[in-house]
Amino acid sequence: MLKYPWNRFQAMVPASRWAVWTGAALLAGCAAGPDFRPPEPPADAGALTTPVRAQTASAAAPLGGAQHWSERMDLGAPWWRQLGSQPLDALIDEALAASPTLAAAQATLRQAQELQSAQTAALELPRADLALGSQRQRTSPSAQGQTGPGREFSLHSASVGVQYQLDLAGGNRRALEAVAARTEHRRYQLEAARLGLAASVATAAIAQARLAAQGEALQALADNQERQWALARERVRLGQAVPDEALALQAQWEQTRSGLPLLRKQQQQAGHLLAMLAGRAPGAAAPPAFTLGDFRLPEALPLVVPSELVRQRPDIQAAQALMQAASADHGVAVARLYPQIRLSASLGSQALSTGALFGGGSAVWTLVGQLTQPLFNPALPAERRAALAALDAAAANYQVVVLDALRGVADAMRAVEGDAEALAALARADAAAQGSLQSMERQHALGSASYLQLLVAQQQAVQVRSNLVAAQAQRLADSALLFQAVGAGWEGAASVAALDGR
Numbered sequence: 278m279l280k281y282p283w284n285r286f287q288a289m290v291p292a293s294r295w296a297v298w299t300g301a302a303l304l305a306g307c308a309a310g311p312d313f314r315p316p317e318p319p320a321d322a323g324a325l326t327t328p329v330r331a332q333t334a335s336a337a338a339p340l341g342g343a344q345h346w347s348e349r350m351d352l353g354a355p356w357w358r359q360l361g362s363q364p365l366d367a368l369i370d371e372a373l374a375a376s377p378t379l380a381a382a383q384a385t386l387r388q389a390q391e392l393q394s395a396q397t398a399a400l401e402l403p404r405a406d407l408a409l410g411s412q413r414q415r416t417s418p419s420a421q422g423q424t425g426p427g428r429e430f431s432l433h434s435a436s437v438g439v440q441y442q443l444d445l446a447g448g449n450r451r452a453l454e455a456v457a458a459r460t461e462h463r464r465y466q467l468e469a470a471r472l473g474l475a476a477s478v479a480t481a482a483i484a485q486a487r488l489a490a491q492g493e494a495l496q497a498l499a500d501n502q503e504r505q506w507a508l509a510r511e512r513v514r515l516g517q518a519v520p521d522e523a524l525a526l527q528a529q530w531e532q533t534r535s536g537l538p539l540l541r542k543q544q545q546q547a548g549h550l551l552a553m554l555a556g557r558a559p560g561a562a563a564p565p566a567f568t569l570g571d572f573r574l575p576e577a578l579p580l581v582v583p584s585e586l587v588r589q590r591p592d593i594q595a596a597q598a599l600m601q602a603a604s605a606d607h608g609v610a611v612a613r614l615y616p617q618i619r620l621s622a623s624l625g626s627q628a629l630s631t632g633a634l635f636g637g638g639s640a641v642w643t644l645v646g647q648l649t650q651p652l653f654n655p656a657l658p659a660e661r662r663a664a665l666a667a668l669d670a671a672a673a674n675y676q677v678v679v680l681d682a683l684r685g686v687a688d689a690m691r692a693v694e695g696d697a698e699a700l701a702a703l704a705r706a707d708a709a710a711q712g713s714l715q716s717m718e719r720q721h722a723l724g725s726a727s728y729l730q731l732l733v734a735q736q737q738a739v740q741v742r743s744n745l746v747a748a749q750a751q752r753l754a755d756s757a758l759l760f761q762a763v764g765a766g767w768e769g770a771a772s773v774a775a776l777d778g779r
């Protein structure tokens with residue numbers, strides 16, 4: 278390390294050589310590597326996000342309308358409002374405002390922003406310090422080869438010092454880029470948490486509605502089986518049936534009844550989950566109980582291409598921010614291999630008494646230029662290789678996130694299409710079961726069908742209706758999952774393209 282007063286340093290170096298060194302140092306500003314560019318989306322992933330048909334199948338049943346694919350949807354708007362449930366909208370708004378999970382993510386983002394401000398001020402602005410000192414000294418004449426008594430005196434000082442490091446190799450610029458990218462990563466994580474929370478509330482509400490409808494269907498089935506059992510007991514009493522027939526019907530009825538407490542438990546747990554997601558204590562103030570009648574099926578479904586998807590989903594943008602931070606860290610490691618220049622200056626005064634501290638003859642000043650060039654430091658190349666390995670890992674992790682997002686979109690699209698076809702088939706089965714039941718009721722009224730045959734037809738109709746209810750709820754849930762998979766509901770998605778060039 279070389280350290281000279283700045284005027285002596287200039288005097289020792291000829292002007293022509295100084296210009297050459299200055300130019301070389303300025304050219305070293307590019308040594309920290311090229312600017313980060315977002316990676317290109319997968320070129321062969323279009324088939325994953327292409328629907329099979331222009332619209333889904335339709336069914337003559339509630340929540341059975343056809344859904345069409347749209348490339349012009351406002352994906353920044355809250356997608357959950359398309360489910361048509363005001364209680365759900367209010368509950369999601371409450372969750373977004375009161376969730377402790379989001380509060381923790383917001384606090385983490387504020388911490389990252391403040392740390393970025395501190396790092397920016399430390400690297401871009403000079404540092405100034407005020408120093409005040411006072412000391413008592415005693416000199417020994419014998420130490421200087423003299424005789425006589427020693428001398429005691431006080432020395433007072435006051436100074437202002439300024440330090441600044443020139444960013445010739447671009448290391449500071451890359452360090453600030455890394456800090457900014459990590460702050461953006463925290464922001465994208467907050468957005469992902471918001472969208473995930475909204476999706477969790479919607480999914481739990483739909484699950485609660487499904488459980489309520491299935492509970493009603495199961496209760497109707499249990500009532501029907503109880504009537505069959507009662508009829509069998511009467512037939513046994515009249516000698517028209519054996520006791521085994523009544524016992525079999527009783528076992529079937531008891532088995533059906535055993536499922537009712539499980540459905541009630543799951544319904545209560547869904548209510549507890551909704552309360553927790555909204556920031557409430559479960560049981561303190563229960564959220565509204567949802568039914569399938571509270572929802573409507575979104576008529577339009579989002580259709581995005583891979584190039585839009587990578588800018589739409591906050592988790593992909595978060596992975597890209599970490600990749601940019603790793604690229605900037607690599608630039609910092611490279612910049613450490615090049616010369617570093619630090620400038621410092623101080624202006625103050627020294628005096629033997631406080632009264633003379635600010636007199637005319639007490640002023641002192643220093644001006645120092647410090648040039649540091651690593652000559653032999655085997656750790657620096659190793660740190661550069663480690664930073665490059667970290668960049669490779671961040672790039673691979675980014676690729677994993679993108680592929681997982683594409684898989685999620687493809688799965689959700691195929692699920693919505695499959696749900697529509699399954700619902701259409703179950704709607705036809707339900708219509709057939711209801712028609713068979715009506716026919717059996719007419720036959721029973723005319724005396725051509727027994728009461729037992731009527732009960733069997735009723736049981737079959739209730740079972741089909743239970744399956745239909747589950748399919749309706751599944752179609753709602755998968756439609757919500759598709760909106761989440763494409764990153765809908767993030768108001769900042771439109772500005773991502775501008776952030777890519779930060």
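The numbering of the sequence shown is this note's numbering, which starts it at 278 and goes up by one. Each residue gets a CB set at the ideal place from its N, CA and C atoms; glycine is no exception.
- Beta-bridge annotation (DSSP): Asp669 is not paired with any residue.
- The Cβ atoms of Gln332 and His345 lie closer than 8 Å to each other.
- Given a length threshold of 3 residues, each whole run of the beta strand (DSSP E) inside the stretch 621-707 is given here in chain order: 640-649.
- From the listed residues Pro583, Ala382, Gly361, Pro579, the smallest Cα separation to Met350 is found for Pro579.
- Taking each of Gln589, Leu515, Ala481 in turn and checking the Cα distance to Gln544, the smallest one comes out for Ala481.
- DSSP, read as helix, strand or coil, puts Trp506 in helix.
- Each residue's CA atom was taken as its position, placing Ala336 and Ser716 some 23 Å apart.
- Around the beta carbon of Ala563, a 10 Å sphere encloses fewer than 16 other beta carbons of the protein chains shown; the residue is thus reported as exposed.
- The three-state secondary structure of Asp406, taken from DSSP, is strand.
- When beta bridges are read from the DSSP output, Glu429 appears opposite Arg415.
- Secondary structure of Pro579 (DSSP, three-state): strand.
- Ranked by Cα distance from His462, the first of Trp642, Ala602, Ala595 is Ala595.
- The DSSP-derived three-state label of Tyr465 is helix.
- Counting only runs of 3+ residues, no beta strand (DSSP E) is found wholly inside the stretch 348-402.
- In the DSSP assignment, Pro538 falls within the alpha helix (DSSP H) that extends over 520-554.
- Ala479 and Ala566 have their C-alpha atoms roughly 13 Å apart.
- DSSP, read as helix, strand or coil, puts Gln332 in strand.
- Between the alpha carbons of Gly548 and Ala476 lies a distance of about 15 Å.
- Comparing alpha-carbon positions, the option among Leu703, Asn449, Ser727 lying closest to Gln505 turns out to be Ser727.
- The Cβ-Cβ distance between Ala555 and Ala375 falls below 8 Å.
- Taking all protein chains shown into account, Glu585 has 16 or more neighbouring C-beta atoms within 10 Å of its C-beta and is therefore buried.
- Contact between the stretch 429-444 and the stretch 403-415 is present: three or more C-beta pairs spanning the two stretches fall below 8 Å.
- With respect to the 8 Å criterion, Ala334 and Glu576 are not classified as neighbours on the basis of their beta carbons.
- Between the alpha carbons of Glu493 and Asn744 lies a distance of about 12 Å.
- Listed as beta-bridge partners of Trp767 by DSSP are no residues whatsoever.
- By the CB criterion at 8 Å, Ser626 and Phe313 fall outside the cutoff.
- Annotated as distal: Ala457 and Asp707, with beta-carbon spacing of 8 Å or more.
- Excluding residues up to 5 positions away in sequence, Leu472, Ala476 lie with their Cβ nearer than 7 Å to the Cβ of Gln761 in the same chain.
- Contact between the stretch 675-687 and the stretch 735-751 is absent: fewer than three C-beta pairs spanning the two stretches fall below 8 Å.
- Trp356 counts as buried, since at least 16 other C-beta atoms from the protein chains shown sit within 10 angstroms of its C-beta.
- Cα atoms of Arg590 and Thr568: separation of roughly 30 Å, rounded to the nearest angstrom.
- A straight-line Cα-Cα distance of about 7 Å links Asp696 and Ala748.
- For Tyr615, there is no enclosing alpha helix (DSSP H), as DSSP marks it with neither H nor E.
- DSSP, read as helix, strand or coil, puts Gln597 in helix.
- Exclusion of the five residues before and after Ala663 leaves no residue of its chain whose Cβ lies closer than 6 Å to its Cβ.
- If you compare the alpha carbons of Ala670, Gly570, Gln363, Ala659 with that of Arg613, the shortest gap goes to Ala659.
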